[in-house]
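Peer 1: Just so we're aligned: the sequence shown equals residues 9 to 143 in the numbering used here. Even for Gly, the Cβ is constructed at its ideal location relative to N, Cα and C. Here's a structure for you.
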Amino acid sequence: MAIIVPVLALMTLIAADLAMAFKMKIGLQTAAERTAQMATKGGYNSLAYQNLVTDAANAAGVPTNAVTITGSLFCNTTVQASADAICPAGQQLKRYVAITISNTYQPMFAGLLPHGNWASDQGVALTGSASVRLQ
(Lines of atoms letter the chains of each structure in order from A and count residues from 1; the text may use other names and numbers.)
(Lines give C-alpha, C1' and ligand atoms only; values in the text may rest on other atoms or scores of the structure.)
Protein backbone atom coordinates (compact mmCIF):
# COMPACT_ATOMS: atom_id res chain seq x y z
CA MET A 1 0.00 0.00 0.00
CA ALA A 2 2.91 2.33 0.79
CA ILE A 3 4.14 1.96 -2.79
CA ILE A 4 0.80 1.96 -4.61
CA VAL A 5 -0.56 5.26 -3.26
CA PRO A 6 2.44 7.42 -4.32
CA VAL A 7 2.53 5.76 -7.74
CA LEU A 8 -1.19 6.39 -8.24
CA ALA A 9 -0.76 10.00 -7.09
CA LEU A 10 2.09 10.53 -9.56
CA MET A 11 0.05 8.97 -12.37
CA THR A 12 -2.84 11.31 -11.52
CA LEU A 13 -0.55 14.35 -11.68
CA ILE A 14 0.91 13.26 -15.02
CA ALA A 15 -2.58 12.63 -16.41
CA ALA A 16 -3.65 16.12 -15.31
CA ASP A 17 -0.62 17.66 -17.03
CA LEU A 18 -1.31 15.76 -20.25
CA ALA A 19 -4.97 16.80 -20.15
CA MET A 20 -4.02 20.49 -19.77
CA ALA A 21 -1.55 20.23 -22.67
CA PHE A 22 -4.21 18.56 -24.81
CA LYS A 23 -6.70 21.30 -23.88
CA MET A 24 -4.22 23.97 -25.02
CA LYS A 25 -3.57 22.07 -28.28
CA ILE A 26 -7.31 21.86 -28.99
CA GLY A 27 -7.65 25.60 -28.25
CA LEU A 28 -4.91 26.43 -30.76
CA GLN A 29 -6.48 24.15 -33.37
CA THR A 30 -9.93 25.65 -32.84
CA ALA A 31 -8.57 29.19 -33.14
CA ALA A 32 -6.77 28.28 -36.39
CA GLU A 33 -9.92 26.73 -37.84
CA ARG A 34 -11.99 29.75 -36.80
CA THR A 35 -9.47 32.04 -38.49
CA ALA A 36 -9.60 29.95 -41.67
CA GLN A 37 -13.37 30.38 -41.72
CA MET A 38 -12.94 34.13 -41.29
CA ALA A 39 -10.52 34.18 -44.24
CA THR A 40 -13.28 32.89 -46.51
CA LYS A 41 -15.68 35.63 -45.46
CA GLY A 42 -14.34 38.47 -47.56
CA GLY A 43 -11.80 36.85 -49.83
CA TYR A 44 -8.10 37.46 -50.35
CA ASN A 45 -8.09 41.25 -50.73
CA SER A 46 -10.62 42.14 -48.04
CA LEU A 47 -10.09 44.03 -44.79
CA ALA A 48 -11.06 40.85 -42.93
CA TYR A 49 -8.08 39.05 -44.54
CA GLN A 50 -5.73 41.84 -43.44
CA ASN A 51 -6.85 41.40 -39.83
CA LEU A 52 -6.43 37.60 -39.68
CA VAL A 53 -3.24 37.67 -37.60
CA THR A 54 -4.82 39.86 -34.92
CA ASP A 55 -8.04 37.83 -34.92
CA ALA A 56 -6.15 34.53 -34.64
CA ALA A 57 -3.95 35.82 -31.82
CA ASN A 58 -6.96 37.09 -29.90
CA ALA A 59 -8.87 33.83 -30.37
CA ALA A 60 -5.92 31.73 -29.20
CA GLY A 61 -4.76 34.06 -26.45
CA VAL A 62 -1.23 34.33 -27.86
CA PRO A 63 0.88 37.28 -29.08
CA THR A 64 0.63 38.18 -32.77
CA ASN A 65 4.18 36.96 -33.44
CA ALA A 66 2.98 33.41 -32.62
CA VAL A 67 0.61 33.47 -35.63
CA THR A 68 1.71 32.78 -39.20
CA ILE A 69 -0.58 33.41 -42.18
CA THR A 70 0.74 32.00 -45.45
CA GLY A 71 -0.97 32.60 -48.75
CA SER A 72 -0.25 30.48 -51.80
CA LEU A 73 -1.34 30.54 -55.41
CA PHE A 74 -1.52 27.67 -57.88
CA CYS A 75 -1.88 28.27 -61.61
CA ASN A 76 -3.13 24.90 -62.87
CA THR A 77 -0.93 22.67 -60.71
CA THR A 78 2.13 24.94 -60.47
CA VAL A 79 2.85 26.81 -57.25
CA GLN A 80 3.63 30.47 -57.89
CA ALA A 81 6.45 32.35 -56.14
CA SER A 82 4.05 35.01 -54.90
CA ALA A 83 0.50 34.64 -53.65
CA ASP A 84 -0.25 37.98 -55.35
CA ALA A 85 0.79 36.80 -58.83
CA ILE A 86 -1.66 36.68 -61.73
CA CYS A 87 -2.25 33.43 -63.59
CA PRO A 88 -1.97 33.46 -67.39
CA ALA A 89 -5.24 33.39 -69.30
CA GLY A 90 -6.80 29.95 -69.56
CA GLN A 91 -5.14 28.50 -66.47
CA GLN A 92 -7.10 27.40 -63.44
CA LEU A 93 -6.48 29.63 -60.42
CA LYS A 94 -6.43 28.18 -56.91
CA ARG A 95 -5.63 30.46 -53.97
CA TYR A 96 -5.11 29.02 -50.48
CA VAL A 97 -4.37 30.44 -47.06
CA ALA A 98 -2.73 28.49 -44.24
CA ILE A 99 -2.90 29.56 -40.60
CA THR A 100 -0.46 28.29 -37.98
CA ILE A 101 -0.66 29.27 -34.32
CA SER A 102 2.14 28.31 -31.93
CA ASN A 103 2.36 28.32 -28.16
CA THR A 104 4.38 26.68 -25.40
CA TYR A 105 2.88 24.60 -22.62
CA GLN A 106 4.60 24.78 -19.25
CA PRO A 107 3.71 21.61 -17.35
CA MET A 108 2.23 22.19 -13.91
CA PHE A 109 4.29 19.46 -12.28
CA ALA A 110 7.50 19.73 -14.31
CA GLY A 111 9.60 19.73 -11.15
CA LEU A 112 8.61 16.13 -10.50
CA LEU A 113 10.39 15.01 -13.68
CA PRO A 114 13.98 16.26 -13.43
CA HIS A 115 16.45 16.31 -16.32
CA GLY A 116 13.86 16.14 -19.07
CA ASN A 117 12.44 18.54 -21.64
CA TRP A 118 9.40 19.03 -19.45
CA ALA A 119 11.55 20.08 -16.49
CA SER A 120 13.24 22.92 -18.39
CA ASP A 121 11.91 26.42 -18.85
CA GLN A 122 11.41 25.64 -22.54
CA GLY A 123 8.14 23.83 -22.05
CA VAL A 124 6.48 21.79 -24.77
CA ALA A 125 5.89 23.40 -28.18
CA LEU A 126 2.30 23.08 -29.43
CA THR A 127 0.78 24.22 -32.72
CA GLY A 128 -2.64 24.44 -34.28
CA SER A 129 -3.04 24.82 -38.01
CA ALA A 130 -5.70 25.00 -40.67
CA SER A 131 -5.87 25.82 -44.36
CA VAL A 132 -8.65 26.77 -46.70
CA ARG A 133 -9.09 27.44 -50.40
CA LEU A 134 -10.18 31.02 -51.04
CA GLN A 135 -10.53 31.02 -54.80
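Please confirm whether GLY136 and ALA40 have their CB atoms less than 8 Å apart.
Peer 2: Walking along the sequence shown from the start, residue 136 turns up at place 128. Walking along the sequence shown from the start, residue 40 turns up at place 32. Contact: yes.
Peer 1: The beta strand (DSSP E) spanning LEU134 covers which residue range?
Peer 2: On the sequence shown, residue 134 is found 126 positions in, with the first residue counted as 1. Start and end: 132-141.
Peer 1: Flag this pair as yes or no: are the beta carbons of TYR107 and THR62 separated by less than 8 Å?
Peer 2: The residue you call residue 107 lines up with position 99 of the sequence shown. The residue you call residue 62 lines up with position 54 of the sequence shown. The sequence shown places Ile at residue 107, not Tyr. In this structure, THR62 does not lie closer than 8 Å to ILE107 by Cβ.
Peer 1: Tell me where the alpha helix (DSSP H) around THR62 begins and ends.
Peer 2: Along the sequence shown, one-based indexing puts residue 62 at 54. Per DSSP, THR62 belongs to the alpha helix (DSSP H) from 60-68.
Peer 1: With which residues is ALA44 paired in a DSSP beta bridge?
Peer 2: For this step, residue 44 is matched to residue 36 along the sequence shown. Answer by DSSP bridge pairing: none, since ALA44 is not bridged.
Peer 1: Over what stretch of residues does the beta strand (DSSP E) that includes ILE77 continue unbroken?
Peer 2: Within the sequence shown, the letter at position 69 stands for residue 77. Where ILE77 is concerned, the enclosing beta strand (DSSP E) stretches over 75-83.
Peer 1: Using 10 angstroms around the beta-carbon of VAL70, count the other beta-carbons present and answer buried if the total reaches 16, otherwise exposed.
Peer 2: Counted from its first residue, the sequence shown places residue 70 at position 62. Under this definition VAL70 is a buried residue.
Peer 1: If you draw a straight line from the alpha carbon of PHE30 to that of PRO96, how long is it in whole angstroms?
Peer 2: Translated into positions along the sequence shown, residue 30 becomes position 22. Translated into positions along the sequence shown, residue 96 becomes position 88. So the alpha carbons of these two residues sit roughly 45 Å apart.
Peer 1: Between MET28, VAL105 and ASN111, which has its C-alpha nearest GLN58's C-alpha?
Peer 2: Here residue 58 refers to the residue found at position 50 of the sequence shown. Comparing Cα positions, the closest option is VAL105.
Peer 1: The beta strand (DSSP E) with ILE109 in it runs from where to where?
Peer 2: Within the sequence shown, residue 109 is the residue found at index 101, counting from 1. From DSSP, the beta strand (DSSP E) with ILE109 extends over 101-113.
Peer 1: Would you decide whether LEU18 is buried or exposed? Buried here means 16 or more other CB atoms lie within 10 Å of its CB.
Peer 2: Here residue 18 corresponds to residue number 10 of the sequence shown, with the count starting at 1. Classification of LEU18: exposed, given that the 10 Å Cβ count is below 16.
Peer 1: Could you tell me the distance, in whole angstroms, from the CA atom of LEU1 to the CA atom of CYS83?
Peer 2: Any property of residue 1 remains undetermined from this structure, which presents the chain solely from 9 to 143.
Peer 1: Taking the CB atoms as reference points, tell me whether MET46 and LEU60 lie closer together than 8 Å.
Peer 2: The sequence position of residue 46 within the sequence shown is 38, counting from 1. The sequence position of residue 60 within the sequence shown is 52, counting from 1. Yes.
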